[in-house]
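Trainee: Numbering (our numbering), first residue to last: 43 to 266.
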Amino acid sequence: MPIIYLLRHAQSLANTKGILAGQDNSVELSKKGAKEANEIVGYLESLKIAKVYCSPLTRCVQTISPFMTKNPKIEFEIEPRLIEMNYGKWSGRKLSSLAKDSRWKKVINKPSTFTFPEGESFKQMRTRVDRLLADLASHNGSILLITHGDIIKMILASTLNLPIDRFQAFVAEPASISTIRIEKKIKTVLQTNHKVERSNFNLFKSNQLGGGNLIGDRKIWWKR
43 MPIIYLLRHA QSLANTKGIL AGQDNSVELS KKGAKEANEI VGYLESLKIA KVYCSPLTRC
103 VQTISPFMTK NPKIEFEIEP RLIEMNYGKW SGRKLSSLAK DSRWKKVINK PSTFTFPEGE
163 SFKQMRTRVD RLLADLASHN GSILLITHGD IIKMILASTL NLPIDRFQAF VAEPASISTI
223 RIEKKIKTVL QTNHKVERSN FNLFKSNQLG GGNLIGDRKI WWKR
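(1) For Phe212, tell me which candidate among Ser180, Leu89, His51 and Ile150 has the shortest Cα-Cα distance.
(2) Leaving aside the five residues before and after Arg170 along the sequence, list all residues of the same chain whose C-beta is less than 6 Å from its C-beta, in chain order.
(3) Per DSSP, which one or two residues make a beta bridge with Leu48?
(4) Can you list, in chain order, the residues of its chain whose CB lies under 6 Å from that of Glu119, leaving out five sequence neighbours each side?
(5) Please confirm if the segment 196 to 212 is in contact with the segment 99 to 119, defined as three or more CB-CB distances below 8 Å between the two stretches.
(6) Confirm, please, whether the CB-CB distance from Ala56 to Ile82 is below 9 Å.
(7) Consult DSSP for Tyr129 and reduce its assignment to one of helix, strand or coil.
(8) What first and last residue would you give for the alpha helix (DSSP H) that runs through Thr111?
(9) Can you name the start and end residues of the alpha helix (DSSP H) that Asn151 belongs to?
(10) Using the Cα positions of His181 and Ile193, report the straight-line distance between them to the nearest angstrom.
(11) Using 8 Å as the cut-off, can you tell me whether the segment 61 to 69 makes contact with the segment 213 to 221, which would need three or more C-beta pairs spanning the two stretches below that distance?
(12) Using a Cβ-Cβ cutoff of less than 8 Å, which residues in the same chain neighbour Ile206 once the five nearest sequence positions on both sides are dropped?
(13) Put Asn235 into one of helix, strand or coil per three-state DSSP.
(14) Just curious, the alpha helix (DSSP H) that Glu87 is in, first and last residue?
(15) What residue does the alpha helix (DSSP H) around Phe156 start on, and which one ends it?
(16) Does the distance from the C-beta atom of Thr105 to that of Asn67 stay below 9 Å?
(17) If you run the structure through DSSP and keep just helix, strand and coil, what is Ser241?
(18) How big is the Cα-Cα spacing for Ile91 and Lys229?
(19) Which residue or residues does DSSP assign as beta-bridge partners of Ser54?
(20) Please report the distance separating the alpha-carbon of Pro98 from that of Leu187.
So this is what it looks like as structure tokens:
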């Protein structure tokens with residue numbers, strides 16, 4: 043009966059610029075994002091995580107780096123199915139510009155019918171999400187997934203057996219946590235878009251915000 047925590051990466055530089063980053067692996071966390079990644083460590087530790095699965099993209103690895111640096115004995119695995127959606131030719135473009143494209147209405151209102159130019163369809167993304175959840179259902183204990191906004195929204199829709207066209211009803215902000223439970227093939231959403239406030243934990247002294255807990259430290263800690 044796994045409890046699965048879905049953590050969206052902290053604020054990225056693409057987020058600050060309103061850019062659709064997609065699978066661009068060069069996108070890193072902003073200064074605010076690095077701070078968020080440090081501030082969430084105490085909350086994650088309280089969840090008693092048994093295993094961590096992470097998107098291969100840099101912004102997700104940087105988000106979980108402070109937690110893994112402090113908790114190196116927790117099992118960690120890069121999971122390719124957690125990668126952001128492939129937005130094809132739309133990747134790297136401003137969201138404000140894309141919103142003016144006539145096809146944007148399909149993305150919002152009828153995503154099941156849309157495939158990004160030279161990219162992925164929402165049906166393809168739903169398939170990989172469904173397969174991932176099926177594989178995780180046999181786990182015991184608490185699992186943490188570090189991934190991306192659209193992936194989390196689709197996982198939530200899948201958990202409730204909602205059609206693809208309803209996945210846009212969910213919100214997953216940077217550094218937010220959503221939670222689902224899988225019990226005897228019954229899937230339940232326990233919370234969505236939970237933002238951890240720094241004031242909830244008295245664990246973040248100034249000297250803990252430097253060194254190995256910041257994204258400037260590029261130690262490949264999961265390959266030690």
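Glycine is no exception: its CB is placed at the ideal position from the N, C-alpha and C atoms.
Mentor: Let me lay it out:
(1) Ile150
(2) Arg123
(3) Leu187 and Ser220
(4) Tyr95
(5) no
(6) no
(7) coil
(8) Thr100 to Lys112
(9) Trp146 to Asn151
(10) 20 Å
(11) no
(12) Pro153, Ser154, Phe164, Lys165, Arg168, Met196 and Ala199
(13) strand
(14) Val83 to Ser88
(15) That residue, Phe156, is in no alpha helix (DSSP H); it is neither H nor E in DSSP.
(16) no
(17) Unreliable positioning characterises Ser241 in this predicted model, as indicated by a pLDDT of 41, which lies under 50. The coordinate reading is nonetheless provided below. Of the three classes helix, strand and coil, the one that applies to Ser241 here is helix, per DSSP.
(18) 19 Å
(19) Leu71
(20) 11 Å
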